[in-house]
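Colleague: The structure's right below; bear with me while I get my questions together.
Residue numbers (this note's numbering): 616 to 808.
Spelled out as structure tokens, the structure:
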């Protein structure tokens with residue numbers, strides 16, 4: 616019985632520890648205009664997400680970065696925040712993939728400023744989503760010299776934008792839980808100008 620319990624406890628974490636990608640590179644560039652982030656991600660979509668895409672359902676992702684000032688005497692202070700919203704969709708009639716990027720959440724009306732690109736394959740569409748170049752996450756006056764900061768980066772699947780029946784079915788299923796996150800300390804030298 617003890618041997619079976621030990622085997623069971625070794626198998627369960629391995630089943631739930633599915634990785635759906637990784638953050639390959641994360642770079643912060645402090646410039647006189649502000650703090651810029653460049654990143655390279657390696658994305659692997661879960662089978663549930665791929666099935667939804669091939670059925671014509673759009674899938675939404677959020678990229679978030681926040682610069683936090685750590686304080687020992689109080690809770691940490693969020694100094695700067697930036698978000699990017701991505702929509703990945705498959706168009707079955709043309710057999711093309713579309714990636715739409717916006718700095719604001721997607722509205723049901725379809726209005727708003729966004730950049731859309733079409734691709735022939737899913738791999739090409741994912742390749743465009745995996746690269747973030749010179750994304751301004753903080754303005755020049757938000758990061759002070761001589762202060763310790765931490766930059767929290769997160770790329771995640773936004774299940775709140777899915778159609779309601781899929782939202783209900785996605786609760787508790789690991790195939791819909793896709794989160795890549797990393798925290799990077801920002802030293803005094805990096806923050807200084």
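We treat Cβ as the ideally placed atom computed from N, Cα and C, and that holds for glycine.
A quick note: this is a predicted structure, and the numbers were derived from the prediction, not measured.
1. My guess is that residue 652 and residue 752 are in contact by the Cβ rule of under 8 Å, so how many angstroms apart are they, rounded?
2. Less than 7 Å between the CB of residue 640 and some heavy atom of the ligand PLP, yes or no?
3. Candidates 713, 661 and 682: which alpha carbon is nearest residue 693's?
4. Using the beta-carbon count (16 or more within 10 Å), is residue 728 buried or exposed?
5. Whole angstroms is fine: what's the gap from residue 747's alpha carbon to residue 760's?
6. Since residue 676 contacts residue 660 with CB under 8 Å, what's their CB separation in whole angstroms?
7. Going by alpha carbons, who is nearest to residue 706 out of 720, 641, 699 and 669?
8. Considering just the uninterrupted stretch of the beta strand (DSSP E) at residue 651, what are its terminal residues?
9. Below 8 Å on the Cβ atoms is my guess for residue 643 versus residue 766; work out the distance and round it to an integer in Å.
10. Below 6 Å CB to CB, which residues in the same chain sit around residue 697 once its five sequence neighbours on both sides are set aside?
11. Is residue 740 buried or exposed, if buried means 16 or more other CB atoms sit within 10 Å of its CB?
12. Have a look at the DSSP bridge pairing and note the partners of residue 773.
13. How would you write the range of the alpha helix (DSSP H) that residue 691 sits in, first residue to last?
14. Report all residues from its chain with a CB closer than 6 Å to the CB of residue 769; omit the five preceding and five following residues, and keep chain order.
15. Short of 6 Å in beta carbon distance, which residues of its chain neighbour residue 776, apart from the five on each side in sequence? Order them along the chain.
16. Using the C-alpha atoms, what's the distance from residue 758 back to residue 647?
Modeller: For this structure:
1. One-based indexing of the chain shown puts residue 652 at position 37. One-based indexing of the chain shown puts residue 752 at position 137. About 5 Å; that satisfies the 8 Å criterion.
2. The ligand PLP is not among the ligands present in this structure, which contains no ligands whatsoever.
3. Translated into the one-based positions of the chain shown, residue 693 becomes position 78. Ranking 713, 661 and 682 by Cα distance to residue 693 puts 682 first.
4. Start at 1 with the first residue of the chain shown, and residue 728 comes out as number 113. By the neighbour-count rule (16 or more Cβ atoms within 10 Å), residue 728 is not buried but exposed.
5. Taking the first residue of the chain shown as position 1, residue 747 is located at position 132. Taking the first residue of the chain shown as position 1, residue 760 is located at position 145. Roughly 26 Å separates the two Cα atoms.
6. Position 61 of the chain shown holds residue 676. Position 45 of the chain shown holds residue 660. Actually they are not in contact, since the Cβ atoms of residue 676 and residue 660 sit about 10 Å apart, beyond 8 Å.
7. By 1-based counting over the chain shown, the position of residue 706 is 91. Closest by alpha carbon: 669.
8. In the chain shown, residue 651 corresponds to position 36, counting from 1. 649-658 is the extent of the beta strand (DSSP E) around residue 651.
9. Translated into the one-based positions of the chain shown, residue 643 becomes position 28. Translated into the one-based positions of the chain shown, residue 766 becomes position 151. Confirmed, Cβ separation roughly 6 Å.
10. Taking the chain shown and counting its residues from 1, the one referred to as residue 697 is at position 82. So the list reads 680 and 752, once near-sequence residues are dropped.
11. On the chain shown, position 125 is the one that residue 740 refers to. Residue 740 comes out buried.
12. The residue given as residue 773 occupies position 158 in the chain shown. For residue 773, which the question treats as bridged, DSSP gives no partner whatsoever.
13. Reading the chain shown from its first residue, position 76 is the one you call residue 691. That residue, residue 691, is in no alpha helix (DSSP H); it is neither H nor E in DSSP.
14. Counted from its first residue, the chain shown places residue 769 at position 154. Excluding sequence neighbours, residue 769 sits near 679 and 796.
15. Position 161 of the chain shown, counted from the start, is the residue given in the question as residue 776. Same-chain partners within the cutoff: 675.
16. Along the chain shown, one-based indexing puts residue 647 at 32. Along the chain shown, one-based indexing puts residue 758 at 143. One C-alpha to the other measures close to 11 Å.
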